[in-house]
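Protein chains in written order, with my numbering: chain A, 1 to 317; chain B, 1 to 509. In this text, a Cβ means the ideal position worked out from N, Cα and C, and glycines have one as well. Since this is a predicted model, take the numbers as computed values, not measurements. Working notes for the structure below.
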Amino acid sequence: MLSRVADSLYWMSRYLERAEHTARLVNVNLNLTLDRAPADAARHWGRLLASLPDPPSWQIRATPDVVERATVDLANRESIAACVGAARENARQVREEISSEMWEEINRLYLAVQKRQPVDSEWTAGTHEFLSATINGVHQIQGVTDATMTHGEGWHYIELGRYLERASATAALLDVQFREAPPDAGGLPGVSEFVEWVGLLKSCCAFEAYCRHYTADVRPQRIAEFLVLNPEFPRSIHFAAARVQAALRAIAGLTGRTNGRSERLAGRLLASLDYGQIDEIMGELPSYLQGIVRQAALINSAVHQQYIAYPIDIGLA
Amino acid sequence: MRPESAGETGSLARLRHLPQFQSYALGQAYDEMFDERGVTREHYAALYERLGAVDPQELRQRQTAADLAFLHQGITFTVYGQNEGTERIFPYDLIPRILTAGEWDTIERGLTQRITALNLFLKDLYGDAKVLDDGVVPRELVYSCRHFRREMQGVAVRHDIYVSVAGTDLVRLPDGSFAVLEDNLRVPSGVSYMLTNRQVIKRIFPLLFSSYDVRPVDHYGQSLLATLRALAPAHRPDPTIVLLTPGVFNSAYFEHTFLARQMGIALVEGRDLFVHDNIVYMRTTAGPQRVDVIYRRVDDDFIDPLAFRADSTLGVPGLFNAYRSGNVALTNAIGTGVADDKALYVYVPKLIKYYLGQDPILANIETWQMSKDRERQHVLDRLDEVVVKAVGESGGYGMLIGPHSTAAQRDEFRRAILTDPRNYIAQPTLALSAAPCFVDGRVEPRHVDLRPYILSGEQVVIVPGGLTRVALKKGSLVVNSSQGGGSKDTWVLHANAASRPGASPAGGL
Chain A
1 MLSRVADSLY WMSRYLERAE HTARLVNVNL NLTLDRAPAD AARHWGRLLA SLPDPPSWQI
61 RATPDVVERA TVDLANRESI AACVGAAREN ARQVREEISS EMWEEINRLY LAVQKRQPVD
121 SEWTAGTHEF LSATINGVHQ IQGVTDATMT HGEGWHYIEL GRYLERASAT AALLDVQFRE
181 APPDAGGLPG VSEFVEWVGL LKSCCAFEAY CRHYTADVRP QRIAEFLVLN PEFPRSIHFA
241 AARVQAALRA IAGLTGRTNG RSERLAGRLL ASLDYGQIDE IMGELPSYLQ GIVRQAALIN
301 SAVHQQYIAY PIDIGLA
Chain B
1 MRPESAGETG SLARLRHLPQ FQSYALGQAY DEMFDERGVT REHYAALYER LGAVDPQELR
61 QRQTAADLAF LHQGITFTVY GQNEGTERIF PYDLIPRILT AGEWDTIERG LTQRITALNL
121 FLKDLYGDAK VLDDGVVPRE LVYSCRHFRR EMQGVAVRHD IYVSVAGTDL VRLPDGSFAV
181 LEDNLRVPSG VSYMLTNRQV IKRIFPLLFS SYDVRPVDHY GQSLLATLRA LAPAHRPDPT
241 IVLLTPGVFN SAYFEHTFLA RQMGIALVEG RDLFVHDNIV YMRTTAGPQR VDVIYRRVDD
301 DFIDPLAFRA DSTLGVPGLF NAYRSGNVAL TNAIGTGVAD DKALYVYVPK LIKYYLGQDP
361 ILANIETWQM SKDRERQHVL DRLDEVVVKA VGESGGYGML IGPHSTAAQR DEFRRAILTD
421 PRNYIAQPTL ALSAAPCFVD GRVEPRHVDL RPYILSGEQV VIVPGGLTRV ALKKGSLVVN
481 SSQGGGSKDT WVLHANAASR PGASPAGGL
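Printed below as a string of C-alpha cells:
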C-alpha cells in the first residue's frame, strides 16, 4: 500500500472520530448547561473544550458562542464542520482505495454539514438535529466501512486512526473532568455533581453501559475504572488500546516490518492497562491520564516514521 | 449559421402532435432524431414514442434523481479561475444519443485508420524523420511546435506505440457524415463520464434501455488495463502498473480515481514516486516497490523537473532518464502533442495517404493556416464568420467564435494572429448536428459532438460509444465542460437490431 494512502486513511478516520467526539460532547453538555447561570455555563464549556486536541483561544461568554464555534465555524480547525471537511478531503485523495459505498456516506455527511454554511438564525433551533445527524453519519460510515471494505492493510489504518484518537480524547476528557472536581475517594457525589458525572458518562456514550455494570450508583472512582480499564466497553481506553495494538500487529505482519517501535509502544500501553488497578491509579490519576495522551502521540509519530516518511536508503537496503 | 431562424416550415406541424416537442425547431444543422421533413428517424422512433407517453413532470423528477446521483457519488469536476477547489457536477442530459451499427462501423474504421497513421508518423518523426525529408509535412511546422520534444529523438518506444489512449472529437456535418474536429493525443479526459452516464441511465430509464439493443461499454477498464500491460518492458512479465495524477486539485481528479479503481491499480502522485539508478519506485508501507508502467495524466511539461519544467512539483525527478533507459513505460509517450497540434491537423489526411496508401475514411474540417499569407488574408476579411483557434490550446480556451463575438474580441484576435500567425488556425463555423435534449420540461434540440476513446496496444480497440458533449445554451456551439457544456449517454446499437418495442409492452421509460 502506498504510504500516502495509508496516511490519508489514518487521518480520515481520526478526523471522523474527532467530529463524533466533539458532537457528543457539545450535545450532552448543551443539556447540562441549560439550567445554569451564563458565567457558570461559560466556565463549564471552557473546561470541556480544554480537553480537545487544539484548545480554543477565543473568549467564551455564553453557550451560543461555543455551539457555533465548536460545530460549524470553519475557521476553527477543530470544529465539527472542519473535521468532517478534512475527513472528506482525505477520503477524496484515496477514492480508489475505499469502497464507493463508504465514499457516498462520507460525501453525504459532508454535504449535510455544508448545508449549515453560513450559520443562519434558525441555527440554534436545529442544533440537536445537526449534532445527532453528525453522530449518526459517523456511525453509518463506520458500519459501511466494516461491511464493504476488505479488512486488509488499509482497513487496519482506519482502525488504528479511530482507536488512537479515541484513547487520546477519552483520556484528555477524563483528565479535565477529574482535575476540576477532585473526587472524595469512593464517596457519593451531591446532586449538582451527580448531573456532571452522568454528563461525563453520556459524553462517552457510557451511561447505560455503566448502569448495567455497576447499577445507577454513580461514583467517580467507578466511572474512572469503567472508562479507563473496562476491557469490553468500546469507548474505554483499555478497549481502544487493545484495538490499536491489534491493528499495528496486523500491519506489521502484512508489511513484513515486525518488532518496530510503534508496535513496542502500543504493546507497552496495552500491558499497563491490562494489569492496572483502579485504586493504584486513582492516587496519580492526572499524570496517569496525561501519560496516556503522551503515549498516543508517540505511537502516532512512530507509525509516521516507520511506514509513511521512512528514509529511502533504509528502504532500498 | 443561424440556428434558430431556419426550419420554420410546414413539416414542423407534424412534430407538434406531442406536447413535449412543441418548441422543437429544425435548424440547418443535421438533426439526430428527425430528418429534414420532420419525420422521426427509424432508430429514434421508439424513444420518441416513449418520451411522448411520459408526463413532463416525471421527466423532471428523473432529471433531479440523476443530478442527485452524480452529486452524492461526488462525480464532479473542478472549475479553474474561481475559488480554488470549486466542485461542480458535469451537467447531464437524460435523453440518450443513438447511433446505428452502420454509423458506428464507419467511425470505428475511420478512427482505427487515423490512429494507426498517427502512430506511424510519431515513430518516423522521432526516428529517421523521412516524412520531413519527403516534404509531406513542412520541417518548420514541426520544429516550431511547442509540443515537439527533441529529447525523444531516438528513444525506443515499446511496440512503437506512442499514443495508446486517444480521444478524438468528431462532429456531424449537415449532410450527416462524421468529420474529425481534433485529435487529443496527450492526456484526453472524459471517459469516466462515458461510463458513469451509462450507469446512471440504466437506473433512470431501465425500460427504455432494455427496449434498445445497446452495445455495452463497461469493459473499457479491462481493455485499458490490457493495453497498459502490453506496454510493460519485455523483461518484466508481471508488471506493476500505476496511474499518475497531478492530484486532487486537477479538474479530472474524479476520473483518475475512477479509472484506478476500475483497473485495480494504484493511483499515485509525483511525490509517491522516486527514481534510483534509473529505476522507478513507489513508496509503500512495506518499503519501496518497483514500478513498470505509468499511465500518466500529467502533461509532458510537468512530468520531470530535471528534463522539462524545473518548477514542476507534480512530476518525478529523473523519470525521463528511467524512461529512456527502457526501465519504465510511460503512456502516452512523451512528445505526442506534436501530432495533435491544430496546425499539424491539416496534414493528417496526407499522412494517412503517405503511411497507409489509403484515402481517409473520416474527413477533416476545412482549415486555414494563419502562417500562410493568402489563407490569413481570407480569414482576416471574414473574422465574424469563422472560428479561430490557438493551436496549442484545448478545452475551449483560446477560441474565437466569429458569429457570436464582439468587435473588441475580433480586434484582439486580429492583433494576436498578426503577431504570431503560426499559433493560430481558422475553420468555417460549423453547423454541428443537433440532438434532442430535455430543457425546462420540454424537448429541444441542442448542438452535440462525439468523443470516442481509442486504445492502441497490441491492437486497436474502440469501445462502442463515447462521450456525447452538449452545448446546453440555446444556439451555442461550444460543448466543453469548462465552458458550460454538458453530456449525455451515447448508445451504439447492435447490427441488425431494430428497436425491440415488444420487450416492455407498457411503453414506459
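Do residue i and residue j have their C-beta atoms within less than 9 Å of each other?
{"i": "A:Gln-290", "j": "A:Gly-267", "result": "no"}
{"i": "B:Leu-231", "j": "B:Met-263", "result": "no"}
{"i": "A:Glu-299", "j": "A:Leu-229", "result": "For the sequence presented, residue 299 of chain A should be read as Ile rather than Glu. Contact flag unset, no."}
{"i": "B:Ile-75", "j": "B:Ile-98", "result": "no"}
{"i": "B:Leu-362", "j": "B:Gly-110", "result": "yes"}
{"i": "B:Thr-168", "j": "B:Pro-452", "result": "yes"}
{"i": "A:Asn-29", "j": "A:Leu-9", "result": "no"}
{"i": "B:Phe-209", "j": "B:Leu-94", "result": "no"}
{"i": "B:Leu-26", "j": "B:Gly-52", "result": "no"}
{"i": "B:Asp-300", "j": "B:His-147", "result": "yes"}
{"i": "A:Tyr-214", "j": "A:Thr-255", "result": "no"}
{"i": "B:Asp-175", "j": "B:Pro-239", "result": "no"}
For residue i, tell me which candidate among the options has the shortest Cα-Cα distance.
{"i": "A:Thr-150", "options": "A:Pro-311, A:Ala-23, A:Glu-96", "result": "A:Glu-96"}
{"i": "B:Arg-198", "options": "B:Gly-484, B:Gly-465, B:Asn-496", "result": "B:Gly-465"}
{"i": "B:Gln-20", "options": "B:Phe-121, B:Thr-490, B:Glu-49", "result": "B:Glu-49"}
{"i": "B:Asp-218", "options": "B:Thr-490, B:Met-370, B:Ala-495", "result": "B:Thr-490"}
{"i": "A:Ala-6", "options": "A:Thr-145, A:Leu-160, A:Leu-270", "result": "A:Leu-160"}
{"i": "B:Leu-450", "options": "B:Gly-475, B:Glu-458, B:Val-492, B:Ile-417", "result": "B:Val-492"}
{"i": "A:Ala-70", "options": "A:Asn-90, A:Phe-130, A:Arg-92", "result": "A:Phe-130"}
{"i": "A:Ser-99", "options": "A:Ala-50, A:Pro-220, A:Gly-154", "result": "A:Gly-154"}
{"i": "A:Met-83", "options": "A:Asn-27, A:Trp-103, A:Ala-23", "result": "The sequence shown places Cys at residue 83 of chain A, not Met. Considering only alpha carbons, the answer is A:Ala-23."}
{"i": "B:Pro-91", "options": "B:Tyr-354, B:Tyr-44, B:Ala-69, B:Tyr-126", "result": "B:Ala-69"}
{"i": "B:His-404", "options": "B:Ala-179, B:Thr-429, B:Thr-112, B:Ile-454", "result": "B:Thr-429"}
{"i": "A:Ala-242", "options": "A:Gly-199, A:Met-102, A:Ala-271, A:Val-26", "result": "A:Ala-271"}
Compare the C-beta of residue i with all C-beta atoms of chain B and state if any pair is closer than 9 Å.
{"i": "A:Gly-256", "result": "yes"}
{"i": "A:Leu-316", "result": "yes"}
{"i": "A:Tyr-288", "result": "no"}
{"i": "A:Met-102", "result": "no"}
{"i": "A:Thr-312", "result": "The sequence as given places Ile at residue 312 of chain A; Thr does not occur at that position. Interface residue, yes."}
{"i": "A:Ser-301", "result": "no"}
{"i": "A:Ala-19", "result": "no"}
{"i": "A:Val-144", "result": "no"}
{"i": "A:Glu-153", "result": "yes"}
{"i": "A:Ser-3", "result": "yes"}
If you follow the alpha helix (DSSP H) that residue i is part of, which residue opens it and which one closes it?
{"i": "A:Glu-208", "result": "207 to 214"}
{"i": "B:Ser-325", "result": "No alpha helix (DSSP H) holds B:Ser-325; DSSP gives it neither H nor E."}
{"i": "B:Glu-412", "result": "407 to 419"}
{"i": "B:Val-470", "result": "Careful: B:Val-470 lies outside any alpha helix (DSSP H), inside the beta strand (DSSP E) at 467 to 471."}
{"i": "B:Tyr-48", "result": "45 to 53"}
{"i": "B:Glu-70", "result": "Looking at the sequence provided, one finds Phe at residue 70 of chain B rather than Glu. That run of the alpha helix (DSSP H) goes 56 to 72."}
{"i": "A:Leu-25", "result": "3 to 33"}
{"i": "B:Asp-301", "result": "300 to 303"}
{"i": "A:Gln-221", "result": "220 to 224"}
Are the C-beta of residue i and some C-beta of chain A separated by less than 9 Å?
{"i": "B:Thr-227", "result": "no"}
{"i": "B:Thr-257", "result": "yes"}
{"i": "B:Glu-458", "result": "no"}
{"i": "B:Ala-252", "result": "no"}
{"i": "B:Gln-222", "result": "no"}
{"i": "B:Val-248", "result": "yes"}
{"i": "B:Thr-285", "result": "yes"}
{"i": "B:Tyr-92", "result": "no"}
{"i": "B:Ala-266", "result": "yes"}
{"i": "B:Ser-219", "result": "Note that residue 219 of chain B corresponds to His in the displayed sequence, not to Ser. Judged by the 9 Å Cβ criterion, B:His-219 is not in contact with chain A."}
{"i": "B:Gln-20", "result": "no"}
What are the boundary residues of the beta strand (DSSP E) that includes residue i?
{"i": "B:Lys-488", "result": "485 to 492"}
Please list the partners that residue i has in chain E, where partner means a Cβ-to-Cβ separation under 8 Å.
{"i": "A:Arg-24", "result": "Considering every chain present, this structure includes no chain E. Its protein chains are A and B."}
Inset, instruction - Output the residue ranges of the alpha helix (DSSP H) runs that lie fully inside the segment 79 to 124 of chain B and measure 4 residues or longer, sorted by chain position. - result: none
Legend entry - Sequence ranges, alpha helix (DSSP H) only - wholly within the segment 172 to 229 of chain B, length at least 4: Considered as a whole, the segment 172 to 229 of chain B harbours 191 to 204, 206 to 211 as its complete alpha helix (DSSP H) runs of no fewer than 4 residues, in chain order.
Inset, instruction - Only counting runs of 4 or more residues, tell me where the alpha helix (DSSP H) segments fall wholly within the segment 347 to 373 of chain B, in order along the chain. - result: 348 to 356
Legend entry - Any beta strand (DSSP E) of 3 or more consecutive residues that is wholly inside the segment 219 to 293 of chain B: The DSSP assignment places 241 to 244, 266 to 268, 273 to 276, 279 to 284, 287 to 290 as complete runs of the beta strand (DSSP E) inside the segment 219 to 293 of chain B, in order along the chain (cut-off: 3 residues).
Legend entry - Completely contained alpha helix (DSSP H) runs for the segment 69 to 135 of chain A, where each covers 4 or more residues: 80 to 93, 100 to 114
Legend entry - Sequence ranges, alpha helix (DSSP H) only - wholly within the segment 273 to 312 of chain A, length at least 4: Runs of the alpha helix (DSSP H) inside the segment 273 to 312 of chain A: 278 to 283, 285 to 303.
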